[in-house]
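In the numbering used here, the protein residues as written are 14 to 280.
Structure first, then comments.
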Ligand code: GLY
């Protein structure tokens, strides 16, 4: 049931959301499972402003990092860091074209979190990391290799976190396939990840007509969610979930979603 105390949470949390201005090179982004389509950069920037406003309305202070014109995918800041209360792990993205994105995110986190780092030959994308209480589920994807996942486990074990690798099918990142939408519920595409990997969690299946519908951003009691998945949004609302719609059409063409475009810190 919603509101269950099985996964207890504080009722008032202040958040900082770190975002980055959309790169003028976005149309040259990495694509793994999607065909390339023209991207309207002006519209992408307009939509990103609206996304940042949704974050503010959900209780975040938004801190926008400067554009990286030479890094097409740099708006997808989630992939560069795994931020926890106890520290932050600077990733080593699986796509070599994205490795130059991490330094400025690490600089932004200086003073906010103790920084740890994934080292070569490990690779890890933050989009593969789903934290549920004290367990970090990590997609064994084309971006996050076994060495990166093992390093993450070793770095976080002293803080009492357990890391579990999760097999994926046909999608870029674990959070393309599953995200948390309520204190005790996950939203999941069963074609891409098996629900039984998440023991103790109820899962809401996406509407089969909306394969990309499992990527939702839960923050401050609200769920920021793409307008491109109206059937699944309606199902979430029926469950009493506070769905806040945002149009992400242009970053979706770049194989990004609502979680990818921010890093949320509890402060
Ligand atoms: N275009 C998003 C990514 O491949 O990282």
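For each residue, glycine too, the CB sits at the ideal point set by N, CA and C.
Item, Value
"With contact counted as at least three CB pairs below 8 Å, one residue from each stretch, are the region 140 to 149 and the region 111 to 131 in contact?", "no"
"To the nearest angstrom, how far is the alpha carbon of residue 83 from that of residue 114?", "10 Å"
"Does DSSP classify residue 264 as helix, strand or coil?", "helix"
"Does DSSP classify residue 132 as helix, strand or coil?", "coil"
"Taking 9 Å as the threshold (C-beta atoms), are residue 202 and residue 194 in contact?", "no"
"Which residue marks the beginning of the beta strand (DSSP E) containing residue 235, and which one marks its end?", "235 to 239"
"Could you tell me whether any non-hydrogen atom of the ligand GLY is closer than 8 Å to the CB of residue 73?", "no"
"With 16 other CB atoms within 10 Å as the buried threshold, where does residue 60 fall?", "buried"
"Would you report the Cα separation of residue 170 and residue 177, rounded to the nearest angstrom?", "12 Å"
"Taking 8 Å as the cut-off, does the CB of residue 146 come closer than this to any heavy atom belonging to the ligand COA?", "The ligand content of the structure shown is limited to the ligand GLY, which means the ligand COA is not among them."
"So is residue 233 buried or exposed if we call it buried at 16+ other beta carbons inside 10 Å?", "buried"
"Rounded to whole angstroms, what's the CA-CA distance from residue 134 to residue 160? Just pull it up for me.", "7 Å"
"Is residue 141 close to the ligand GLY? I mean its beta-carbon at under 8 Å from any heavy atom of the ligand.", "no"
"Below 9 Å between beta carbons: does that hold for residue 110 and residue 85?", "yes"
"Between residue 279 and residue 175, what straight-line distance do the alpha-carbon atoms span, to the nearest angstrom?", "20 Å"
"Looking only at its own chain, which residues have a Cβ that is under 8 Å from the Cβ of residue 222, when we skip the five neighbours before and after it?", "244"
"So, for residue 34: in the same chain, excluding its five sequence neighbours on each side, which residues have a beta-carbon less than 8 Å away from its beta-carbon?", "58, 61, 77, 78, 79, 80 and 88"
"What is the DSSP secondary structure of residue 17, counted as helix, strand or coil?", "Residue placement at residue 17 is flagged as unreliable, the pLDDT there being 39, under the threshold of 50; a coordinate-derived value is accordingly withheld."
"Could you check what DSSP says for residue 52 in three-state terms: helix, strand or coil?", "coil"
"Quick one: complete beta strand (DSSP E) runs, 3+ long, within the region 127 to 179?", "128 to 130, 142 to 145 and 148 to 153"
"By how many angstroms is the C-alpha of residue 189 removed from the C-alpha of residue 227?", "6 Å"
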